[in-house]
Amino acid sequence: MEYSPRDIEKKWQQWWEENQVYKVSNNSDRPKYYVLDMFPYPSGSGLHVGHPLGYIASDIYARFKRMKGFNVLHPMGYDAFGLPAEQYAIQTGVHPAKSTAENIARYRDQLDKIGFSFDWSREVQTSDPAYYKWTQWIFLQLFSHWYDQSLEKARPVAELIQLFEEAGNTSVKAAHSQEAIFTAQEWQAMSAKEKDDVLMNYRLAFRKTTYVWWCEALGTVLANDEVKDGLSERGGHPVERKPMLQWSLRITAYAQRLLDDLQEVDFSESMKKMQSNWIGRSEGAQLFFDLEDNKGQIEIFTTRADTIFGATFMVLAPEHELVKEITTAAQQQEISDYLAYVNTRSERDRMSETKEVSGAFTGAYAINPFNGAKIPVWIAEYVLKDYGTGAIMAVPADDERDRRFAEKFGLEIIEIIDKSMYPGATIEDKKGKMINSDFLNGMEVLEAIEAILQKIESMGIGKRQINFKLRDAIYSRQRYWGEPFPVIYDQDGVAHAMPLEELPLELPELDDFKPASGGKAPLARATDWVNLPDGWTRETDTMPGFAGSSWYFLRYMDAHNENAFASREALNYWQDVDLYVGGTEHAVGHLMYSRFWHKFLYDMGLVPTKEPYKKLLNQGMIQGVVENIYLLKEKVNGRNKYICAKLAKERGLTDYVQIPVLVDYVVNYGSPDSYLNIKAIQQLTKWRPEFADAIFECSNGIFMDGVFTPKGNETDSFLLTHSEVGKMSKRWYNVINPDVVVEQYGADTFRMYEMFLGPIDQAKPWDTKGIDGVAKFLRKLWSLFFDASGQFNVSDEKPSKAELKTLHTCIKKVQDDIERFSFNTCVSAFMICVNELKSQNCNKRAILEELVKLIGPFAPFTGEELWHRLGHESALCQASAPVLNESYLVEDSIQYPISINGKKRDLIAFPADASKEELEKMALELESVQKWLEGKTVRKIIVVPKRMINIVIG
RNA sequence: GCGGGUGUGGUGAAAUUGGUAGACACGCUAGACUUAGGAUCUAGUGCCGCGAGGCUUGGGGGUUCGAGUCCCUCCACCCGCACCA
Numbered sequence: 036m037e038y039s040p041r042d043i044e045k046k047w048q049q050w051w052e053e054n055q056v057y058k059v060s061n062n063s064d065r066p067k068y069y070v071l072d073m074f075p076y077p078s079g080s081g082l083h084v085g086h087p088l089g090y091i092a093s094d095i096y097a098r099f100k101r102m103k104g105f106n107v108l109h110p111m112g113y114d115a116f117g118l119p120a121e122q123y124a125i126q127t128g129v130h131p132a133k134s135t136a137e138n139i140a141r142y143r144d145q146l147d148k149i150g151f152s153f154d155w156s157r158e159v160q161t162s163d164p165a166y167y168k169w170t171q172w173i174f175l176q177l178f179s180h181w182y183d184q185s186l187e188k189a190r191p192v193a194e195l196i197q198l199f200e201e202a203g204n205t206s207v208k209a210a211h212s213q214e215a216i217f218t219a220q221e222w223q224a225m226s227a228k229e230k231d232d233v234l235m236n237y238r239l240a241f242r243k244t245t246y247v248w249w250c251e252a253l254g255t256v257l258a259n260d261e262v263k264d265g266l267s268e269r270g271g272h273p274v275e276r277k278p279m280l281q282w283s284l285r286i287t288a289y290a291q292r293l294l295d296d297l298q299e300v301d302f303s304e305s306m307k308k309m310q311s312n313w314i315g316r317s318e319g320a321q322l323f324f325d326l327e328d329n330k331g332q333i334e335i336f337t338t339r340a341d342t343i344f345g346a347t348f349m350v351l352a353p354e355h356e357l358v359k360e361i362t363t364a365a366q367q368q369e370i371s372d373y374l375a376y377v378n379t380r381s382e383r384d385r386m387s388e389t390k391e392v393s394g395a396f397t398g399a400y401a402i403n404p405f406n407g408a409k410i411p412v413w414i415a416e417y418v419l420k421d422y423g424t425g426a427i428m429a430v431p432a433d434d435e436r437d438r439r440f441a442e443k444f445g446l447e448i449i450e451i452i453d454k455s456m457y458p459g460a461t462i463e464d465k466k467g468k469m470i471n472s473d474f475l476n477g478m479e480v481l482e483a484i485e486a487i488l489q490k491i492e493s494m495g496i497g498k499r500q501i502n503f504k505l506r507d508a509i510y511s512r513q514r515y516w517g518e519p520f521p522v523i524y525d526q527d528g529v530a531h532a533m534p535l536e537e538l539p540l541e542l543p544e545l546d547d548f549k550p551a552s553g554g555k556a557p558l559a560r561a562t563d564w565v566n567l568p569d570g571w572t573r574e575t576d577t578m579p580g581f582a583g584s585s586w587y588f589l590r591y592m593d594a595h596n597e598n599a600f601a602s603r604e605a606l607n608y609w610q611d612v613d614l615y616v617g618g619t620e621h622a623v624g625h626l627m628y629s630r631f632w633h634k635f636l637y638d639m640g641l642v643p644t645k646e647p648y649k650k651l652l653n654q655g656m657i658q659g660v661v662e663n664i665y666l667l668k669e670k671v672n673g674r675n676k677y678i679c680a681k682l683a684k685e686r687g688l689t690d691y692v693q694i695p696v697l698v699d700y701v702v703n704y705g706s707p708d709s710y711l712n713i714k715a716i717q718q719l720t721k722w723r724p725e726f727a728d729a730i731f732e733c734s735n736g737i738f739m740d741g742v743f744t745p746k747g748n749e750t751d752s753f754l755l756t757h758s759e760v761g762k763m764s765k766r767w768y769n770v771i772n773p774d775v776v777v778e779q780y781g782a783d784t785f786r787m788y789e790m791f792l793g794p795i796d797q798a799k800p801w802d803t804k805g806i807d808g809v810a811k812f813l814r815k816l817w818s819l820f821f822d823a824s825g826q827f828n829v830s831d832e833k834p835s836k837a838e839l840k841t842l843h844t845c846i847k848k849v850q851d852d853i854e855r856f857s858f859n860t861c862v863s864a865f866m867i868c869v870n871e872l873k874s875q876n877c878n879k880r881a882i883l884e885e886l887v888k889l890i891g892p893f894a895p896f897t898g899e900e901l902w903h904r905l906g907h908e909s910a911l912c913q914a915s916a917p918v919l920n921e922s923y924l925v926e927d928s929i930q931y932p933i934s935i936n937g938k939k940r941d942l943i944a945f946p947a948d949a950s951k952e953e954l955e956k957m958a959l960e961l962e963s964v965q966k967w968l969e970g971k972t973v974r975k976i977i978v979v980p981k982r983m984i985n986i987v988i989g
């Protein structure tokens, strides 16, 4: 029988499904292992070859672990709520539920073809009411809890009310945004509405007017991590800062724990760094400066309180509340002009021009609490409303930005740190001796920081404070396709949790998905749904994309439970995710939110572990290639003319056009003399009509003139290009669909090839060129089992030592490499093994059976076929067929290189079991060695068993 | 600017703790077979040199009998953050 992937894939896919081979039980004597993929958002364009990379790796690992005797949970589902489906709905009128269902069906079909061993009985979809019932449920738990900083855990709001009733809020150490303090009596005297307002400042899910990112084009607010470079992450639309009444999650309550517990998890260093930078902890002091004439106080945060004697001015963020109050009549005009200017500037402008300084003087003065100096108060863009208190003391002598500002506006600069003894030291180094600083003079910086902090605290003008960059997560979206808030408002606008037994609160049907007017969500249109008896109303915003994905890994443990998000038994059995595979793009979004939710659930005693993921493996992106071709300024007969990189360089052109192509169409890809194959140009004109009538000129003549008739002698070469690696996306027309590859080569070849491409965590451009090598390998493997006439033919003969050595070298290498997630080297090991067995003409069952077990996780379809041919009833990658635990290498002798002073002289075989001493002795006795050593003195001999022998002379 | 990472043939890449650099595969060259195909097989393939031999892991320096691997320094590229007080 010929190797025909198409037939065997269909057959085994069906068989696996019928026999529920990969269904996993929550009851097992075997140790548990949980392998999780980041579930996909089912987009309209389907999977491209980049998506399965991580899935293949995790599938290999899951299959391998099963064969090593683990009870492996390996589920899959869909992050099904989200913007694209809704945007599509707005354009086409197709209900998001419908398009999402279609996309999911397509994804499922694609996934099945690649042969994953998912337990589909546990599938989750975040848009399924049976699922989002529990998303809503967790939200309500967040709503009804607050964070007690003295116990370092979340507690029910009912207990907080009790504390307030007993002693007001002064003794409560909580994560909060409550400014006013009150006594027990004052609390009692508050109206229900007032009490509710206070409690909102403590709840972990709370509703408050805050400055948020508003995206006009998407008609919704966005969270910090959904904004990149002043543009929305989805769609790349401009965003602006706007105060709006929004739901938020108090993730800041968990900032310290999210930071500390990073030490417990096995994430890459860069991933941990990204998270800790995002959390952005800094130690410093909160300090109050009195304003002149008792006009109040300015609160600032500083990490460098020691520099206070150099504080020659203060700067408030333009949005700071005090600005209006303190601006003097004389400065009124200047300030409002400046505010108007700030208003015209987008977030992008603000970020792109960080070197430019601008600002305006309020006319007010603050008093330096230490020396009574009058300090002018300015406002400036470079101080951010969001960070710290939105106000700083400016120390131009020791801060780059403050210095620029002082220089521009002619403000005083007082040197306060003598760094002369530390040449090259920067401000961050915190080195130098204090000068011009009163009682701090002569101290080292670090000493001074401590001294002034003590002074500040004893004077009662401030205190030590830890500040975090992390902001609370904006949780409202003015969109339709998301989880409705299980919240209702009374006539006074007080938010009430819906009774838990009424969950899920389902999304109402709608046929117009456009945002309603005035920043209102589409749900506002569903008046029947929104308006409740007695003037009560529902929340019309929906939850953001990260809501459903923040806990989905828990649902897989007990996906059909109707009474809890997962049963206690299931949670206790599966505990946490042992291996989580996904891209780095979720470093500060999903991974932070889910860690936060998990910690909250842990505080409630609902999950057994502090952290959701033990180990995180980041797969690199598979990219497309973007080539640059150079556009000539002047047109030729009204047509665009493009020239190759070489010509462009000669003529000094820099004006290039980026075009997407596939690596396959680039000849000599990666080298400086790469050029485009004509096929690529033909593809190009299909994708980009503007190229259709263009003229292309290569360094050796014009190659295309409207029609594809290359001039000159070249047959298939085209433009010299200068390539960059870019993302694979529909927009760039460089997407490769896995179905096409699977159709042509088979799933096993596709899987192995993706692994063979390189280290799993590395980004790489998709390149089909090498896939034939893997296809060839599988045919070779197949041919070990079938004779020339195509008959299945394995022998029961006893394996030879050489055959055993080949096999066991492979077993050892592959098992070690799987455990360190080095899948590309596993594939190489298989190739070596099969090549050797082939040259040994080995068709012995004892060898082949072990080999099939090893290859099974990589090539499950082929593996399964061969496994059954060998006479087994059960599926290959079930726990029933464990791989050999250990390998034993059959070796009689080992070849040792012998060198003199590091220079290799000979290669000689010694017994494999020889000790260091014996090797040394045998080496010296060799005739050739004796000859080289004549008349020389041996200084020492270095013997590295199984590696080399080096004799040092002279 | 700060933080993290990477640099090895024409290409993707291998290389336990420092121990034969370039495994494996693509591509290329030559040949065999052939139903002429993008099939299969064999041999060759880091660079220089006719050769013996010499040179080679981004550049330079160091430690060592021995460095792709460790240390210093410079360069290039990629990723993340970025007026963070």
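Numbering (the working numbering), first residue to last: 36 to 989.
Cβ atoms here follow ideal geometry from the backbone N, Cα and C, with glycine treated the same way.
All values reported here derive from a predicted model rather than from experimental measurement.
Whole-Å CB distance - Gly315 paired with Thr337, under 8 Å assumed: Walking along the first sequence from the start, residue 315 turns up at place 280. Walking along the first sequence from the start, residue 337 turns up at place 302. About 15 Å separates the two Cβ atoms, so there is no contact after all.
Three-state secondary structure assigned by DSSP to Lys966: Sequence index remark: in the first sequence, residue 966 carries index 931 (1-based). Reduced to three states, the DSSP call for Lys966 is helix.
For Tyr457, three-class secondary structure by DSSP: For the purposes of this step, residue 457 is taken as residue 422 along the first sequence, with counting starting at 1. It is coil, neither helix nor strand.
Cα-Cα separation between Pro539 and Gly398, rounded to whole angstroms: In the first sequence, counting from the first residue as 1, residue 539 sits at position 504. In the first sequence, counting from the first residue as 1, residue 398 sits at position 363. Looking at the two C-alpha atoms, the distance is approximately 56 Å.
Host alpha helix (DSSP H) of Trp172 (start-end): As a working note, residue 172 is residue 137 in the first sequence. Its alpha helix (DSSP H) spans residues 164–178.
For Gly554 and Thr562, the rounded distance between their alpha carbons: The sequence position of residue 562 within the first sequence is 527, counting from 1. The sequence position of residue 554 within the first sequence is 519, counting from 1. About 16 Å.
Local conformation of Tyr68 per DSSP, three classes: Within the first sequence, the letter at position 33 stands for residue 68. Three-state DSSP puts Tyr68 in a strand.
Gln875 vs Ala837 beta-carbon contact at 8 Å: Taking the first sequence and counting its residues from 1, the one referred to as residue 875 is at position 840. Taking the first sequence and counting its residues from 1, the one referred to as residue 837 is at position 802. Yes, they are a contact pair.
Close Cβ partners of His621 (< 8 Å) along its chain, the five nearest in sequence each way excluded: Locating residue 621 in the first sequence gives position 586, where the first residue counts as 1. Cβ within range, chain order: Met73.
Ala426 (DSSP reduced to helix, strand or coil): For the purposes of this step, residue 426 is taken as residue 391 along the first sequence, with counting starting at 1. Note: Ala426 maps to strand in three-state DSSP.
Through-space distance from Asp927 to Asn985, alpha-carbon basis: Numbered from its first residue, the first sequence carries residue 985 at position 950. Numbered from its first residue, the first sequence carries residue 927 at position 892. When rounded, the distance between both Cα atoms is 22 Å.
Arg786 beta carbon less than 8 Å from that of Ala949: Along the first sequence, read from residue 1 onward, the residue named residue 949 stands at position 914. Along the first sequence, read from residue 1 onward, the residue named residue 786 stands at position 751. No, the Cβ-Cβ distance between Ala949 and Arg786 is not below 8 Å.
Residue(s) in a DSSP beta bridge with Ala944: Against the first sequence, residue 944 aligns to sequence position 909. For Ala944, which the question treats as bridged, DSSP gives the partners Gln930.
Residues near Asp296 by beta carbon distance below 7 Å, same chain, minus five either side: Position 261 of the first sequence holds residue 296. Around Asp296: Lys645, Glu646.
Coarse secondary structure for Ala189, derived from DSSP in three states: For the purposes of this step, residue 189 is taken as the residue at position 154 of the first sequence. Note: Ala189 maps to strand in three-state DSSP.
Spatially closest choice to Leu542 from Lys468, Val529, Gly517, by CA coordinates: Locating residue 542 in the first sequence gives position 507, counting from the first residue. With distances taken between Cα atoms, Leu542 lies closest to Gly517.
Beta-carbon proximity check, Val829 vs Ser93, cutoff 8 Å: Locating residue 829 in the first sequence gives position 794, where the first residue counts as 1. Locating residue 93 in the first sequence gives position 58, where the first residue counts as 1. Their beta carbons are not under 8 Å apart, which means Val829 does not touch Ser93 by this criterion.
First through last residue of the alpha helix (DSSP H) which encompasses Gly808: Translated into the one-based positions of the first sequence, residue 808 becomes position 773. Where Gly808 is concerned, the enclosing alpha helix (DSSP H) stretches over 806–820.
Length of the line joining the Cα atoms of His109 and Val129: Position 74 of the first sequence holds residue 109. Position 94 of the first sequence holds residue 129. For His109 and Val129, the distance between alpha carbons rounds to 33 Å.
Continuous alpha helix (DSSP H) stretch holding Lys330: start and end: As a first step, residue 330 is located in the first sequence; it is residue number 295 there, counting from the start. From DSSP, Lys330 is part of no alpha helix (DSSP H); its letter is neither H nor E.
Under 8 Å between C-beta atoms of Asn106 and Arg65: In the first sequence, counting from the first residue as 1, residue 106 sits at position 71. In the first sequence, counting from the first residue as 1, residue 65 sits at position 30. In contact: Asn106 and Arg65 (Cβ atoms closer than 8 Å).
Ile730 versus Glu669, Ala782, Gly781, residue with shortest Cα-Cα distance: Taking the first sequence and counting its residues from 1, one reaches residue 730 at position 695. Nearest C-alpha to Ile730: Glu669.
Reduced DSSP secondary structure (H/G/I, E/B, other) of Pro119: Working through the first sequence from its first residue, we reach residue 119 at position 84. In this structure, Pro119 counts as helix in the three-state DSSP scheme.
C-beta atoms of Met478 and Ile427 nearer than 8 Å: One-based indexing of the first sequence puts residue 478 at position 443. One-based indexing of the first sequence puts residue 427 at position 392. No, they are not a contact pair.
Test item: CB-CB of Trp222 and Phe241 under 8 Å: Here residue 222 refers to the residue found at position 187 when the first sequence is read from its first residue. Here residue 241 refers to the residue found at position 206 when the first sequence is read from its first residue. Cβ distance not < 8 Å, so Trp222 and Phe241 don't count as in contact.
Distance, Lys466 Cα to Phe856 Cα: Translated into positions along the first sequence, residue 856 becomes position 821. Translated into positions along the first sequence, residue 466 becomes position 431. If you take the alpha carbons of Phe856 and Lys466, they lie about 44 Å apart.
Beta-carbon proximity list for Leu488, same chain, < 8 Å, skipping 5 on both sides: Start at 1 with the first residue of the first sequence, and residue 488 comes out as number 453. Taken in chain order, the residues that qualify are Ala320, Ala340, Arg499.
With 16 other Cβ atoms within 10 Å as the buried cut-off, status of Asp593: In the first sequence, residue 593 corresponds to position 558, counting from 1. It counts as buried.
Continuous alpha helix (DSSP H) stretch holding Asn378: start and end: As a position in the first sequence, residue 378 is number 343, starting the count at 1. Counting along the chain, the alpha helix (DSSP H) containing Asn378 begins and ends at 367–379.
Per-residue DSSP class, three states only, for Trp571: On the first sequence, position 536 is the one that residue 571 refers to. In this structure, Trp571 counts as coil in the three-state DSSP scheme.
Backbone CA spacing between Tyr677 and Pro119 [nearest angstrom]: Counting from one through the first sequence, the residue named residue 677 turns up at place 642. Counting from one through the first sequence, the residue named residue 119 turns up at place 84. Tyr677 and Pro119: Cα-Cα distance of roughly 35 Å.
Pick from Leu374, Gly331, Gln368, Gln367 that is closest to Ala352, judged by C-alpha positions: Position 317 of the first sequence, counted from the start, is the residue given in the question as residue 352. Closest option to Ala352, Cα to Cα, is Leu374.
Secondary structure of Glu518, DSSP reduced to three states: Here residue 518 refers to the residue found at position 483 of the first sequence. Here Glu518 sits in coil by DSSP.
Residues bridged to Ser283 (per DSSP): Here residue 283 corresponds to residue number 248 of the first sequence, with the count starting at 1. For Ser283, which the question treats as bridged, DSSP gives the partners Phe241, Ile509.
Proximity winner among Tyr587, Glu597, Tyr608, Gly655, relative to His633 (alpha-carbon distances): Looking up residue 633 in the first sequence gives position 598. Here the closest residue by C-alpha is Tyr587.
Span of the alpha helix (DSSP H) around Ile882: Along the first sequence, one-based indexing puts residue 882 at 847. Its alpha helix (DSSP H) spans residues 880–890.
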